[in-house]
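These notes concern the structure reproduced below.
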């Protein structure tokens, strides 16, 4: 065995991690309510189709959907690693490290995106929304990087850290730019409908398909009584529920959060937002109607 030839254990681990990455790519990574999503959905461009259909979240860069095909490199490079290790009896090097880095970066993106969906469906929570496929992908992706070279710890560390940092920064920047632009635009949009919260909930409870077709993507002014307020440092949500547990939930960003926090549960409020549609919980037998880009109408911030 030379410095360019892996030992038996190293060779076996490389094969195992390669097969794991290839397998994990086609398994479900997350589950959004009743919607399972795999890494393959990102590579085919269907990731945002599922997000838009179920939550009204479209692709921020639809013209670049073809670029998503780069993630097909994950299983492809997994095969290359197998060839290097088994046929050439050498370290996978750059090919294994890139396959592992792409896997870790994509896993980070899925986790961050799934975490944001809690604003649209409180039933989607980490880590319960994560499927075994994403754990397998993370373990095997990290394993591929560690087995790519003999030694070279700093180089391996870069392939571990960089995809996570890039994925996080890219996601944060996209979220910030989209939210700032769209929330500001909401105040200038003319409302398509003005409704009472209980009446709106009733429409979705009685015929959710019809209500989704009618309201999804539309700007609504919703008036009703607050039943719950949740606030973080830079965001907030406000809910209006009926007696059955079905509710309307509005997502507010940083500039609107102080106005939301000025209210108390039980107060009447008027909110303008873009309807993302509803999700039915078979377990709770309730409807959750989500709104994004929400703003409070004519409410002064209390000192």
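In this note's numbering, the protein residues as written are 1222 to 1524.
Heads up, the beta-carbon is just placed ideally off N, CA and C, and yes, glycines get one too.
Computed from a prediction, not measured in an experiment: that's the story for all the values here.
query	result
Spell out the partners DSSP gives residue 1472 in its beta bridges.	1458
For the beta strand (DSSP E) that residue 1517 lies in, which residues bound it at each end?	1507 to 1517
Decide if the stretch 1331 to 1347 is in contact with the stretch 1252 to 1259; the criterion is three or more beta carbon pairs, one per stretch, under 8 angstroms apart.	yes
Less than 8 angstroms between the beta carbons of residue 1264 and residue 1290, yes or no?	yes
Compute the distance between the beta-carbons of residue 1418 and residue 1461, then report whether it is under 8 angstroms.	yes
Using C-beta distances below 6 angstroms, list every residue in its chain close to residue 1426, excluding the 5 sequence neighbours before and after it, in chain order.	1467 and 1508
Looking at the unbroken alpha helix (DSSP H) that takes in residue 1246, where does it start and where does it end?	1229 to 1247
Whole alpha helix (DSSP H) runs in the stretch 1478 to 1502 with 4 or more residues, listed along the chain?	1478 to 1482
For the alpha helix (DSSP H) holding residue 1305, just list the boundary residues, first then last.	No alpha helix (DSSP H) holds residue 1305; DSSP gives it neither H nor E.
Return the chain-ordered list of same chain residues with a C-beta closer than 7 angstroms to the C-beta of residue 1429, the five sequence neighbours on each side being excluded.	1499, 1501 and 1508
Can you look up residue 1396 in the DSSP assignment and give me helix, strand or coil?	helix
Does residue 1417 come out as helix, strand or coil in the three-state DSSP assignment?	strand
Closest to residue 1470 by C-alpha separation, out of 1278, 1250, 1484 and 1510, would be which residue?	1510
Measuring straight from C-alpha to C-alpha, what distance separates residue 1316 and residue 1373?	15 angstroms
Counting C-beta neighbours from all protein chains within 10 Å, is the total for residue 1514 16 or more, i.e. buried, or is it exposed?	buried
Do residue 1333 and residue 1294 count as a contact pair if the criterion is CB distance below 8 angstroms?	no
Can you grab the Cα-Cα spacing for the pair residue 1443 / residue 1391, in whole Å?	33 angstroms
Within the chosen definition, does the stretch 1229 to 1244 reach the stretch 1357 to 1366 through at least 3 CB pairs nearer than 8 angstroms?	yes
If you compare alpha carbons, which of 1262, 1483 and 1420 is closest to residue 1287?	1262
Going by CA-CA distance only, name the one from 1516, 1445 and 1387 that's closest to residue 1495.	1516
Just mark residue 1384 as buried or exposed, buried being the case when its beta carbon has 16 or more other beta carbons within 10 Å.	buried
Are the Cβ atoms of residue 1457 and residue 1481 separated by less than 8 angstroms?	yes
Can you tell me the Cα-Cα spacing of residue 1450 and residue 1459, whole angstroms?	5 angstroms
Assign residue 1233 to buried or exposed, taking buried as 16 or more other Cβ atoms, counted over all protein chains shown, within 10 Å of its Cβ.	exposed
Let me know the secondary structure DSSP gives residue 1347 once reduced to three states.	coil
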